[in-house]
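**Q**
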Amino acid sequence: MDRAEENRQEYKELQRRVKREVSKAKQKAYDELYTRLDTREGEKDLYRLARQRDRDGKDVQQVRVIKDRDGRVLTSEESVQRRWKEYFEELMNEENEREKRVEGVNSVEQKVDKIRKDEVRKALKRMKSGKAVGPDDIPVEVWKCLGEAAVEFLTSLFNRVLESEKMPEEWRRNLEKVYDRVPREELWYCMRKSGVAEKYVRVVQDMYERSRTVVRCAVGQTEEFKVEVGLHQGSALSPFLFAIVMDQLSEEVRQESPWTMMFADDIVICSESREQVEENLERWRFVLERRGMKVSRSKTEYMCVNEREGSGTVRLQGEEVKKVQEFKYLGSTVQSNGECGKEVKKRVQAGWNGWRKVSGVLCDRKISARIKGKVYRTVVRAAMLYGLETVSLRKRQESELEVAELKMLRFSLGVTRLDRIRNEYIRGTAHVGRLGDKVREARLRWFGHVQRREKNGSPSD
1 MDRAEENRQE YKELQRRVKR EVSKAKQKAY DELYTRLDTR EGEKDLYRLA RQRDRDGKDV
61 QQVRVIKDRD GRVLTSEESV QRRWKEYFEE LMNEENEREK RVEGVNSVEQ KVDKIRKDEV
121 RKALKRMKSG KAVGPDDIPV EVWKCLGEAA VEFLTSLFNR VLESEKMPEE WRRNLEKVYD
181 RVPREELWYC MRKSGVAEKY VRVVQDMYER SRTVVRCAVG QTEEFKVEVG LHQGSALSPF
241 LFAIVMDQLS EEVRQESPWT MMFADDIVIC SESREQVEEN LERWRFVLER RGMKVSRSKT
301 EYMCVNEREG SGTVRLQGEE VKKVQEFKYL GSTVQSNGEC GKEVKKRVQA GWNGWRKVSG
361 VLCDRKISAR IKGKVYRTVV RAAMLYGLET VSLRKRQESE LEVAELKMLR FSLGVTRLDR
421 IRNEYIRGTA HVGRLGDKVR EARLRWFGHV QRREKNGSPS D
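Start counting the sequence shown at 1; every next residue gets the next number (the UniProt record's numbering).
Structure below.
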């Protein structure tokens, strides 16, 4: 045997030894992982593992081309970035037509208390870990690890901003899309009319002054551009500001629940006739659009419950509004005939969607049935039970939910119906109670919530 052949044989032997050692190391790491997952401390790792395995199973290919205004396909990174910037710069700075306000509103000049350490400490505690970082690349975990030093620093910084009414320039970059074309002048007017202290108004005004953003796309990040319309999405303050604007603008047209129900910019208007619906819809359109808001024609729909009037239409500014037999509001499907079959089917689908997201854990034979049951209860069953406490389920629909649940549990435990294992044993192995019993428990909790509400309050208050 020549020297070259000896070297080749030696290389193959070393390659086999390395593979064996790598295999042993991987098996040891997996054994340690599964041992840790079966402890209370390893529960967070369990959900992280489920998310990672869900991501690994997805197609990560991203579209790296885009069309320009004339329909030509752009392929170079620079041209794609310019087109994204051009598109969003127009989108975020286009303001709807509105009437200029003639009347003014008195500002509320009052003493504003300094931000306290306990407020900052409480806010830090409520912030969730593992979230994406902002332009400063500092994760929440850093501030939490710094403890009281972070509380001291942040309290001092926030109070300097409050006193000077000027925020750092680095805060003016927003990496999220603005939502709702709320005119800034309307925002200041509504804040003052709501009695917000003038100092807070000036701080918010400075926050929106010279605000900039960038677009992250598959080919990189665009150049900065100004944003002069709308509220910042991703800001904890934006939902509160939008609620102030909607509360003031709708003051003269909104009615008590259930005739008017509002959740952010989703509005439900209930009336007893088509004519009344048209009248109320037109009043809402007039009030909102004269102040720069826009009622979406494509998303506005109407539904008749127990219709007896025959055919008819609802119009908005002469344009026919789409009629539907069902619509989804706040996660629940409402049907015109009062049935709940579509909602049950969507709950089953939501359960399967949740199951697929954590199937990397639920179908892992090395993870105990107890842990699988816990993941199932917190992810899958929670999605299936959402809102069902307010639904009048029939026996057939309850059975439909339980059949889907048992199918998921059998998949998770690696058994089939051919194994002739009783349903009670499957539930007991996974430590999962009957779904119908859980629905009734939730219904009783909801009943107690309704009973405890104020005399004239709605159940959601």
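Ideal Cβ placement from N, Cα and C applies to all residues, glycine included.
Tell me the DSSP secondary structure of V178 in three-state form.
**A** The predicted model places V178 with a pLDDT of 46, which falls under 50 and marks its position as unreliable, so this point remains unresolved.
**Q** Give the straight-line distance between the Cα atoms of K144 and K125, rounded to the nearest whole angstrom.
**A** Taking the straight line from one Cα to the other gives about 8 angstroms.
**Q** To the nearest angstrom, how far is it from the Cα of K67 to the Cα of G195?
**A** Each residue's alpha carbon lies about 47 angstroms from the other.
**Q** In angstroms, rounded to a whole number, what distance separates the CA positions of K114 and A236?
**A** Rounded to the nearest angstrom, the two C-alpha atoms are 19 angstroms apart.
**Q** Is D266 helix, strand or coil when you go by DSSP?
**A** Three-state result, D266: strand.
**Q** Could you compute how far the alpha carbon of S211 sits from the alpha carbon of G134?
**A** Taking the straight line from one Cα to the other gives about 15 angstroms.
**Q** Check whether the Cβ atoms of M92 and V204 lie closer than 8 angstroms to each other.
**A** Result no, Cβ atoms of M92 and V204 do not sit closer than 8 angstroms.
**Q** Identify whether A197 lies in helix, strand or coil by the three-state DSSP scheme.
**A** Of the three classes helix, strand and coil, the one that applies to A197 here is strand, per DSSP.
**Q** Using CA atoms only, rank isn't needed, just tell me which of L316, N280, V334 is closest to C304.
**A** It is V334 whose Cα lies nearest to the Cα of C304.
**Q** If the criterion is Cβ atoms closer than 8 angstroms, does the pair A197 and V108 meet it?
**A** Cβ atoms of A197 and V108: closer than 8 angstroms.
**Q** What's the call for T213, buried or exposed, on a 16-neighbour Cβ count within 10 Å?
**A** Buried.
**Q** Could you tell me if M293 is buried or exposed, where buried requires 16 or more neighbouring beta carbons within 10 angstroms of its beta carbon?
**A** Burial call: buried.
**Q** Please look up how many angstroms separate the CB atoms of L241 and E282, rounded, as I've assumed it's under 8 angstroms.
**A** Not quite, the Cβ-Cβ distance comes to about 27 angstroms (not below 8 angstroms), so this is no contact.
**Q** Tell me L316's beta-bridge partners as DSSP assigns them.
**A** Note: L316 sits in a beta bridge opposite E319.
**Q** For V145, does the three-state DSSP call read helix, strand or coil?
**A** Here the sequence assigns Cys to residue 145, which means Val is not the residue at that position. Here C145 sits in helix by DSSP.
**Q** First and last residue of the beta strand (DSSP E) that includes Y87?
**A** Segment 77 to 92 is the alpha helix (DSSP H) holding Y87; no beta strand (DSSP E) there.
**Q** Which two residues bound the contiguous beta strand (DSSP E) that contains V334?
**A** Run containing V334: 332 to 335, per the beta strand (DSSP E) assignment.
**Q** In angstroms, rounded to a whole number, what distance separates the CA positions of Q349 and N423?
**A** Using only the alpha carbons, I get a separation of about 21 angstroms.
**Q** Name the DSSP beta bridge partners of G130, please?
**A** Partner(s): none; G130 has no beta bridge.
**Q** Tell me whether Y425 is buried or exposed, calling it buried when 16 or more other Cβ atoms sit within 10 Å of its Cβ.
**A** Burial call: exposed.
**Q** State the DSSP-derived secondary structure class of H431, mapped to helix, strand or coil.
**A** DSSP places H431 in coil when its eight states are reduced to three.
**Q** What three-state label does DSSP hand V391 in the structure shown?
**A** Residue state, collapsed to three classes: coil.
**Q** Write down the C-beta distance between C190 and V245 rounded to the nearest angstrom, noting that I regard them as a contact closer than 8 angstroms.
**A** Confirmed, about 5 angstroms.
**Q** DSSP beta-bridge partners for M261?
**A** V268, per the DSSP bridge assignment.
**Q** Leaving out five residues on either side along the sequence, give the residues of the same chain with a beta carbon under 6 angstroms from the beta carbon of W446.
**A** Answer for W446: E389, listed in chain order.
**Q** Use the C-beta contact count for V277: other C-beta atoms within 10 angstroms, 16 or more gives buried, fewer gives exposed.
**A** By the 10 Å Cβ count, V277 comes out buried.
**Q** Spatial neighbours of R290 within its chain, please: CB distance less than 7 angstroms, with the 5 preceding and 5 following residues excluded, ordered by chain position.
**A** These residues qualify, in order along the chain: R98, E99.
**Q** Does DSSP put R417 in a helix, a strand or coil?
**A** Of the three classes helix, strand and coil, the one that applies to R417 here is helix, per DSSP.
**Q** Beta-carbon separation of A430 and G373 under 8 angstroms?
**A** Contact: yes.
**Q** Below 7 angstroms CB to CB, which residues in the same chain sit around G436 once its five sequence neighbours on both sides are set aside?
**A** Once the five neighbours on either side are set aside, the close Cβ partners of G436 are E398, E402.
**Q** Taking only three categories from DSSP, how would you classify E326?
**A** Reduced to three states, the DSSP call for E326 is strand.
**Q** Does the separation of the CB atoms of E223 and K85 fall below 8 angstroms?
**A** Yes, the pair counts as a contact, with Cβ atoms nearer than the cut-off.
**Q** So residue 462 is in the alpha helix (DSSP H); what residue range does that whole segment cover?
**A** Given that the chain is displayed from residue 1 to residue 461, the structure contains no residue 462 and the question cannot be resolved.
**Q** Count the other CB atoms within 10 Å of the CB of A404; is the residue buried (16 or more) or exposed (fewer)?
**A** Classification of A404: buried, given that the 10 Å Cβ count is 16 or more.
**Q** Can you list, in chain order, the residues of its chain whose CB lies under 6 angstroms from that of M127, leaving out five sequence neighbours each side?
**A** Hits under 6 angstroms: V140.
**Q** Does any residue of chain D have a CB that is nearer than 8 angstroms to the CB of S359?
**A** Absent here is chain D; the protein component of the structure consists of one chain.
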